[in-house]
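Notes to accompany the following structure.
2 protein chains.
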Amino acid sequence: MPYLKKCPPVPEPIDCRILTAALDLFVENGFHNVSIHEVQKRAQVSIGSIYNHFGGKEGVAQALYKHILNEMDELVETVMAEFPTPWQQCEAIIRQLFEHTETHRNIIAFVFHAKHTEFISQDPLMCHSAAFSKMRSIVRNGIEAGEFVDMDSWVLTSSIFGGAIRMIQLRLDGVIEKPLPEYGEMLLQTIRTGVFQERSDA
Amino acid sequence: MPYLKKCPPVPEPIDCRILTAALDLFVENGFHNVSIHEVQKRAQVSIGSIYNHFGGKEGVAQALYKHILNEMDELVETVMAEFPTPWQQCEAIIRQLFEHTETHRNIIAFVFHAKHTEFISQDPLMCHSAAFSKMRSIVRNGIEAGEFVDMDSWVLTSSIFGGAIRMIQLRLDGVIEKPLPEYGEMLLQTIRTGVFQERSDA
DNA sequence: GTCTATATATGGATAGAC
DNA sequence: GTCTATCCATATATAGAC
Chain A
1 MPYLKKCPPV PEPIDCRILT AALDLFVENG FHNVSIHEVQ KRAQVSIGSI YNHFGGKEGV
61 AQALYKHILN EMDELVETVM AEFPTPWQQC EAIIRQLFEH TETHRNIIAF VFHAKHTEFI
121 SQDPLMCHSA AFSKMRSIVR NGIEAGEFVD MDSWVLTSSI FGGAIRMIQL RLDGVIEKPL
181 PEYGEMLLQT IRTGVFQERS DA
Chain B
1 MPYLKKCPPV PEPIDCRILT AALDLFVENG FHNVSIHEVQ KRAQVSIGSI YNHFGGKEGV
61 AQALYKHILN EMDELVETVM AEFPTPWQQC EAIIRQLFEH TETHRNIIAF VFHAKHTEFI
121 SQDPLMCHSA AFSKMRSIVR NGIEAGEFVD MDSWVLTSSI FGGAIRMIQL RLDGVIEKPL
181 PEYGEMLLQT IRTGVFQERS DA
């Protein structure tokens, strides 16, 4: 009789339990449709603890927000260190985001789906976050290096990442039914060379 | 003394007043941060009337949702009637959306910014709406006609419209500071021919 | 059909024991 | 630090007069 097996491994720290419970609930039902009582119940923690650790519901959301923005930033940072050229970096970021959409669904959903200003007062607007700033600066590097076409960097950043972000949203909504990585190369192709069929008589 | 001027022209019908007030408030503060009392106050209508006409706050949101999806559908419909080729239709839709973002800001914001499932139960998911379906079918037409590259239509639709949608969101968030139509041609260029600089030595 | 006043529930927040 | 029980504001929804 494997007695020791019944010992739960290492119990997760309490604030971590709260955050993961909150993330799941917020993504599933939306911030405003989730009560502290529900978070408390799912996290197996008392209300008092939630107030102790985060000061309330919005405090939980803020902590979550910061934490997840950090993760995103690290993702971009890693890619930048690993690949030399701006375009390779863009490619890698899109591939990573597609992977993450499948493996860390709720994190991605929290980043791309929610309108954070609705529940985080004094919201340092997602697109001003370190991760998104870095994505734009990659694009600027590419322009300066003569790799990308020379135009407004907001437009170009939107052109490069907009399609991917759109696909992520469609995937999260369940509209796209197959895992995103299957579509990665296709998407990258259109970003590189546009959407037109090569004219065979050209 | 121009006495007649003081007569308000034709008073707007009551349900219209409610909808426009609600639209503005929902976009500004988010559905859950707006109380019926605020809508009532801004629309200069009593709470009873709101319940009579729409059955409650969610009813107002649903009516708004339907109405606005209709407008979007008409926009796409008109473009399809006016332009012959799929690509011209795509171009025109993007230009129209950019225009609308400036002239009907809150309508566009309601369409692209909100996560409707959070406040509309049984939400016929935006991307399944007539307008979005038609956009995708335009893309399919382009593929069949050999105009667009032959690939999954979700990917291609995202490639074509994703950048525009992204720019609309950035504009609504105040990140992009100039009116979108200024960027229209730039964006269309990258969709057509990709993001790379033409190599002068090619 | 429109209004005002009110009932009722929900849920964020706190107090105080352990 | 953690818990339970309770408070109290808010906001949806309704009742009933006009």
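In order, the protein sequences belong to chains A and B. Here the first sequence is numbered in full-length UniProt numbering, starting from 1 and rising by one per residue. Here the second sequence is numbered in full-length UniProt numbering, starting from 1 and rising by one per residue. For each residue, glycine too, the CB sits at the ideal point set by N, CA and C.
Whether residue i touches residue j by CB criterion (8 Å)
| i | j | result |
| --- | --- | --- |
| methionine 72 of chain A | valine 111 of chain A | yes |
| leucine 170 of chain A | tryptophan 154 of chain B | yes |
| valine 139 of chain B | leucine 156 of chain B | yes |
| alanine 164 of chain B | leucine 69 of chain B | no |
| methionine 186 of chain A | aspartate 173 of chain B | no |
| glutamate 91 of chain B | leucine 188 of chain B | yes |
| glutamate 118 of chain A | asparagine 33 of chain B | yes |
| arginine 17 of chain A | glutamine 40 of chain A | no |
| isoleucine 94 of chain A | serine 49 of chain A | no |
| threonine 190 of chain A | glutamate 147 of chain A | no |
| isoleucine 120 of chain B | tyrosine 183 of chain B | no |
| phenylalanine 196 of chain B | valine 76 of chain A | no |
| glycine 194 of chain B | glycine 56 of chain A | no |
| cysteine 127 of chain A | valine 175 of chain B | yes |
Run of the alpha helix (DSSP H) containing residue i, from where it starts to where it stops
| i | result |
| --- | --- |
| glutamate 99 of chain B | 86-103 |
| threonine 117 of chain B | Here threonine 117 of chain B belongs to no alpha helix (DSSP H), and DSSP marks it neither H nor E. |
| glutamine 62 of chain A | 57-82 |
| tyrosine 51 of chain A | 47-54 |
| asparagine 33 of chain A | Asparagine 33 of chain A -> no alpha helix (DSSP H), and no H or E assigned at all. |
| isoleucine 168 of chain B | 153-172 |
DSSP beta-bridge partners of residue i
| i | result |
| --- | --- |
| cysteine 196 of chain A | Here residue 196 of chain A is phenylalanine; the residue named in the question, cysteine, does not match the sequence. Looking at the DSSP assignment, phenylalanine 196 of chain A forms a beta bridge with B:Phe148. |
For residue i, the nearest candidate out of the options (CA to CA)
| i | options | result |
| --- | --- | --- |
| glutamate 28 of chain A | B:Lys115, B:Thr85, B:Leu75 | B:Lys115 |
| serine 137 of chain B | B:Ser158, B:Asp123, B:Gln122 | B:Ser158 |
| leucine 23 of chain B | B:Ala145, B:Ala63, B:Gly48 | B:Ala63 |
| alanine 21 of chain B | B:Ile107, B:Phe98, B:His113, B:Arg95 | B:Ile107 |
| glutamine 89 of chain B | B:Phe161, B:Gly59, B:His100 | B:Phe161 |
| methionine 167 of chain B | B:Arg105, B:Ser129, B:Phe98, B:Thr193 | B:Phe98 |
| residue 204 of chain B | B:Phe54, B:His53, B:Val60, B:Ser46 | Only positions 1 to 202 of chain B appear in this structure, which leaves residue 204 of chain B out of reach. |
| glutamate 177 of chain A | A:Thr101, A:Asp123, A:Ser129 | A:Thr101 |
| isoleucine 143 of chain B | B:Trp87, B:Phe83, B:Val195 | B:Trp87 |
| alanine 145 of chain A | B:Arg192, B:Glu12, B:Glu198, B:Glu38 | B:Glu198 |
| aspartate 123 of chain B | B:Glu58, B:Phe26, B:His37, B:Arg105 | B:Glu58 |
| arginine 42 of chain B | B:Ala109, B:Phe83, B:Phe26 | B:Phe26 |
Q: Only counting runs of 4 or more residues, tell me where the alpha helix (DSSP H) segments fall wholly within the stretch 115-149 of chain A, in order along the chain.
A: 130-144
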